[in-house]
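Numbered as in my numbering, the sequence shown ends at 720 without a single skipped number. Structure first, commentary second.
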Amino acid sequence: MSWSEDCHGSPRARITVSLSTGSVLLLTDKDKSLTTTLSMEEEEERKNKKTKKKKERKPKKKKLYEKKKKKKHEKKYEKKLYEKKLYEKKYEKKLYEKKYEKKKYEKYEKNKKLYEKKYEKKKLYEKKKYEKYEKKKLYEK
Numbered sequence: 580m581s582w583s584e585d586c587h588g589s590p591r592a593r594i595t596v597s598l599s600t601g602s603v604l605l606l607t608d609k610d611k612s613l614t615t616t617l618s619m620e621e622e623e624e625r626k627n628k629k630t631k632k633k634k635e636r637k638p639k640k641k642k643l644y645e646k647k648k649k650k651k652h653e654k655k656y657e658k659k660l661y662e663k664k665l666y667e668k669k670y671e672k673k674l675y676e677k678k679y680e681k682k683k684y685e686k687y688e689k690n691k692k693l694y695e696k697k698y699e700k701k702k703l704y705e706k707k708k709y710e711k712y713e714k715k716k717l718y719e720k
């Protein structure tokens, strides 16, 4: 017993199934020849393999998705660490600059005090000198 049917979507292809021999024939006008001959058992095995492959692929896709997600998370984490290091460097630099400015200011204050003391001593010295000069002048007159 055999029967044949036109393929939907392709008016030039024809499928012929023979139940007694268990074969499936796919005929096309282009080839005008047999393109596929499969027994019913082979057809079932092929379908089973397809379903097994699909089942096997799904976890792989999940794993790939998880890997991508993990990589993305790691990149974000690395980026945050990098930004944190930059911030810490900037903060340390600011602290160093403040320390440096403070030292500089302290040094300036110290030098200023020293300069003022020297200046006062110089004034006193000149004042004494002037007083001596005046005394001499008065004494000579």
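Glycine included, C-beta positions come from ideal geometry on N, C-alpha and C.
May I ask you to report which of helix, strand or coil DSSP gives residue i?
i: Lys611; result: Confidence at Lys611 is low in this model, with a pLDDT of 46, below 50, so its placement is unreliable and no value can be given for it.
i: Tyr712; result: helix
Exercise. What are the uninterrupted segments assigned as alpha helix (DSSP H) that are 4 or more residues long and contained completely in the segment 658 to 715, given in chain order?
Worked result: Within the segment 658 to 715, not a single complete alpha helix (DSSP H) segment reaches 4 residues in length.
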